[in-house]
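Notes to accompany the following structure.
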Amino acid sequence: MEEEEKNHHRSITCRLISCFFLLIIFFCCALFFIITAYRPPSIWNGIVEFSNKDVELKKESDISFEEAKEHIGEQVTAIGENKVIIEEDYLTALAKEGFNGFKDLTVNVEEGHLDLFWALESSIPNNPLIAQIRVGTDSSGDVVIQRLGTPRVSVPRSVNQLLTTAVIKLLNSEKNDTNNKSIIGNLLSVENDTSIEKINFRDGFVELTININVNLYD
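Count the sequence shown with numbering that gives the first Met the number 0 and you get residues 0 to 217, in order.
Right, dumping it as structure tokens:
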């Protein structure tokens, strides 16, 4: 009898603890949705500052899209294989044209990877919430996504596997036609007669090996 009472008390205690943690989880979820929906400045400012990790966006490019195209064209000297170097400022100009739906898109290139930053949410003047995609290469040289999220917080692939798979598929697409152009191909605005054979991400620039059948740009 005494043992049954102890078991009964333990059962009640476990249920109370479970209910307590469920209430905490529910409260945290509710608080998250309230903050996300209403974005109170006193709280949202801190979230944005933490999430952005001192990353700054370039609202205007010092180089035009036409200048960036010309910069690439000057390096393409023959039909067949060509080596092309594209610095960050030129990449940013190309990216702003290729992905014009991304507000204040900024490209940053470091050894081994390329980062795309853009304004995801702009309710705070001059201090938007910044999103990030990091692109790199795997051991076989294929372009892959290394990071999705914000400069401070990365989204786990297990949480958003469908999106990750879709973007990686787009990145690795071998077709450069207008209906199925890879992100790297889109970034460089290459035409149908051009294929990117190899890509290396260096500190401040991208090094490409491009195979061309006719002129790169019409």
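Beta carbons are placed, not taken as given, at the ideal position from N, Cα and C, and that holds for glycine.
Keep in mind that this is a model prediction, so the values were computed, not measured.
I need the DSSP call for residue i, collapsed to helix, strand or coil.
i	result
residue 212	coil
residue 148	strand
residue 47	helix
residue 140	coil
residue 66	helix
residue 111	coil
residue 72	helix
residue 97	helix
residue 177	In this predicted model, residue 177 has a pLDDT of only 41, less than 50, meaning its place in the structure is not dependable enough to derive any value.
So, under 8 Å CB-CB, residue i and residue j are touching, yes? Tell me the CB distance rounded to an integer number of Å.
i	j	result
residue 123	residue 150	In fact, because the Cβ distance is near 16 Å, the residues do not count as touching under 8 Å.
residue 87	residue 108	5 Å
residue 47	residue 126	6 Å
Per DSSP, which residues does residue i bridge with? Please list them.
i	result
residue 131	116, 148
residue 206	84, 199
residue 106	115
residue 194	210
residue 153	148
I'd like to know whether the C-beta atoms of residue i and residue j end up nearer to each other than 8 Å.
i	j	result
residue 92	residue 62	yes
residue 113	residue 205	yes
residue 78	residue 211	yes
residue 95	residue 121	no
residue 208	residue 82	yes
residue 148	residue 200	no
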